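Structure first, commentary second.
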Amino acid sequence: MMTIRITRLAAIMALPLLLLANAPAYAGAFSATSMVTGSITSQPIGHYEFCLRYKAECQVRSKPAPARQVTDHGWDVIRAVNLDVNKTIIPMTDMEVYGREEWWEYPVDAGDCEDFVLLKRRKLLQAGFSESDLLITVVRKPDGEGHAVLTVRTSVGDYVLDNLVDDVKPWNETPYTYLKRQASFDTGRWVTIESGKDVPVAALK
């Protein structure tokens, strides 16, 4: 069963990358808006240490620009990557996997929420998506626990890839309080999310 799923994902991602752009936007049955971001804010310690090890990945700068359109094929890739990573990576804490807290890393077979995000982001980059449209995002769950998801910017709004949910959902249809995310113009910088929830909350350290 796993072989079939991985083969299908590989087949989807092998289609011409030009299908991801210059075509009518597609949002399926979803309706989303774009997050309103604010000023530069603190970088999570886990991402800071990740950037020390993967310097090139945190030095990508681009001019502010609208998010790209995503075609039917693009949405298929997004959903396939989200489901594939959720099914193949075993959820475990950093302490269980690496013996320390807040260690962000590309997972091999197990990891926590940030590791899921990193792997999904890498796979979508390999499929032709832009760094400026794939943003690591810090949220707070209803129980107050910190969590990380991947935000995909599209011309029809921001969508979330979450290791706790197999469906790709509009950010404003999730139960989270959105705190901060990578800046779309600089992969090493972070910005606040002003429209995160009803009341302002302090960003996680």
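So the sequence shown is residues -27 to -1, 1 to 178, counted in mature numbering (1 follows the signal peptide of the UniProt record, and there is no 0). Glycine included, each C-beta is placed from N, C-alpha and C at the ideal position. For clarity, every value in this text was computed on a predicted model and none was experimentally measured.
Partner residues in the beta bridge of residue 64, as assigned by DSSP, are 84. CA-CA distance, residue 110 to residue 154, rounds to 4 Å. In this structure the region 81 to 98 touches the region 52 to 67; the number of beta carbon pairs closer than 8 Å is three or more. Here residue 120 is bridged, per DSSP, to 112. The DSSP-derived three-state label of residue 169 is coil. Counting along the chain, residue 154 sits inside the beta strand (DSSP E) bounded by residues 150 to 156.
Non-local C-beta neighbours of residue 126 in its own chain, meaning closer than 6 Å and more than five positions away in sequence, comprise 40 and 106, ordered along the chain. Straight-line measurement puts the Cα of residue 53 at about 29 Å from the Cα of residue 16. When the five nearest sequence neighbours on each side are left out, the beta carbons in the same chain lying within less than 8 Å of the beta carbon of residue 51 are those of 43, 97, 125, 132, 134 and 141, in order along the chain. Taken in chain order, the complete beta strand (DSSP E) segments of 3 residues or longer contained in the region 5 to 40 are 10 to 14. For residue 98, the three-state secondary structure derived from DSSP is helix. Ranked by how close their Cα comes to the Cα of residue 120, the residues 138, 35 and 128 have 138 in first place. By the CB criterion at 7 Å, residue 19 and residue 104 fall outside the cutoff. Going by beta carbons, residue 115 and residue 130 fall outside the 7 Å limit. Shortest Cα-Cα distance from residue 147 to any of 122, 128 and 28 involves 122. Separation of residue 136 and residue 57 (C-alpha to C-alpha, rounded to the nearest whole angstrom) is 10 Å. In the DSSP assignment, the residues bridged to residue 125 are 107 and 132.
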